Amino acid sequence: EPEVTQTPSHQVTQMGQEVILRCVPISNHLYFYWYRQILGQKVEFLVSFYNNEISEKSEIFDDQFSVERPDGSNFTLKIRSTKLEDSAMYFCASSYRDIGYEQYFGPGTRLTVT
Amino acid sequence: AQSVTQPDIHITVSEGASLELRCNYSYGATPYLFWYVQSPGQGLQLLLKYFSGDTLVQGIKGFEAEFKRSQSSFNLRKPSVHWSDAAEYFCAVGTYNNNDMRFGAGTRLTVKP
Chain A
94 EPEVTQTPSH QVTQMGQEVI LRCVPISNHL YFYWYRQILG QKVEFLVSFY NNEISEKSEI
154 FDDQFSVERP DGSNFTLKIR STKLEDSAMY FCASSYRDIG YEQYFGPGTR LTVT
Chain B
9 AQSVTQPDIH ITVSEGASLE LRCNYSYGAT PYLFWYVQSP GQGLQLLLKY FSGDTLVQGI
69 KGFEAEFKRS QSSFNLRKPS VHWSDAAEYF CAVGTYNNND MRFGAGTRLT VKP
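Residue numbers (the numbering used here), protein chains in the order written: chain A, 94 to 207; chain B, 9 to 121.
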C-alpha cells in the first residue's frame, strides 16, 4: 500500500538555525499539507499546497516558514530561523483531491530546538 | 473558522466494553467530519469520515460514528473494545470551500484487561 514518508524521523537543531523537513507524498496525489503537534497538544494545520502554490495557510505559518516542491516527488517545509517554540512533531499529508478526499499522513518528524 | 471540541481528555474502558468518544464541532454550514487514530510514535490513520448522506458511517476496525446536526456532534462508537484500540483519537472538521482541517485536542483511550 502506498504511504507518505518523512525524513528525518528526529531532528535536533539549535535556536536560530534553519531546518528543512522532507516529505515524499503518495505519487499520484495532488494536494499536500503540513501539520504540527506540540507535545501534548492538538494537531494544528500549517499549510496546504496545490499546483505549485500555497492554497491555504494558518496564522501559525508566518514568514519564518516556507514550503516547496523542488521536484516531482519531494515536498519540503523550511523553518528559516528556529525558535524554541518550534519544537514539535511535524506531519506531512497528501490527498488525491481536496478536502473531500482522505488525507494520508506520514509518520512525522520530531523537531527539537535547543 | 470551523472548530472542534473533544470534551474527554482521557477515557479508560475495560476490554470488551463498549466505547463512545465525544466530538462537537462548530461550523455554520455542512461540515466534513473525520475521526483519526494515532498510536504511539505513529502518524494519523483515518478511521472514518462523513460528508453527506447517511448520518451513521462505518469505518475501519469496527468503528462507527453518527452525525447529529441538531447537536453539532459526531461521536465515535465501538461496541466491543480490544486492547489494540488503546491510542489517541482525534476528531477533525473540514469545510467545502477551504483546504484546512481543524483537529480537536484528542482523547486518549486506555484499555484495561
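Virtual Cβ for every residue (Gly too), placed ideally from N, Cα, C.
This one's a predicted model, so the numbers in the text were calculated from it and none came from an experiment.
- B:Q10 is not a Cβ neighbour of B:T115, given a cutoff of 8 Å.
- For A:Q104, no CB of chain B lies under 8 Å from its own CB, so it is not counted at the interface with that chain.
- A:E178 sits in a helix when the DSSP states are folded into three classes.
- Sixteen is the threshold: since fewer than 16 other Cβ atoms of the shown chains lie within 10 Å of the Cβ of B:R77, the residue is exposed.
- Using a Cβ distance threshold of 8 Å, B:R110 and A:F138 count as a contacting pair.
- Between A:T175 and A:Q99 a beta carbon distance of about 17 Å is seen, past the 8 Å cut, so the two are scored as non-contacting.
- In chain order, F138, S141, E149 and S151 make up the part of chain A whose C-beta sits under 7 Å from the C-beta of B:D108.
- If the five residues before and after B:V21 are omitted, its C-beta is found closer than 8 Å to the C-beta atoms of L27, V89, L117, T118, V119 and K120, all from its own chain and listed in chain order.
- Of A:Y189, A:L204, A:T106 and A:P163, the smallest CA-CA separation from A:N121 is found for A:Y189.
- Judged by DSSP in its simplified three-state form, B:G70 adopts helix.
- The beta carbon of A:I113 sits closer than 6 Å to the beta carbons of T169 and K171 from its chain, once the five residues preceding and following it are set aside; these are given in chain order.
- For B:E23, there is no enclosing beta strand (DSSP E), since its DSSP letter is neither H nor E.
- Collapsing the DSSP output to three states places B:S34 in a strand.
- A direct Cα-to-Cα measurement between B:Q79 and A:D155 gives close to 35 Å.
- The beta carbon of A:K176 does not come within 8 Å of any beta carbon belonging to chain B, so the residue lies off that interface.
- The C-beta distance from A:V105 to A:T207 rounds to 7 Å, short enough to meet the 8 Å contact threshold.
- Between A:I119 and A:A181, the C-beta gap is not smaller than 8 Å, which leaves the two residues out of contact.
- B:R77 sits in a helix when the DSSP states are folded into three classes.
- For A:P101, no CB of chain B lies under 8 Å from its own CB, so it is not counted at the interface with that chain.
- Straight-line spacing of the CA atoms in B:L52 and A:S102 works out to 15 Å.
- Around the Cβ of B:A37, a 10 Å sphere holds fewer than 16 other Cβ atoms; the residue is exposed.
- Here A:S151 has E137, F138, L139 and V140 as same chain residues with Cβ atoms under 8 Å from its own Cβ, once five neighbours each way along the sequence are excluded.
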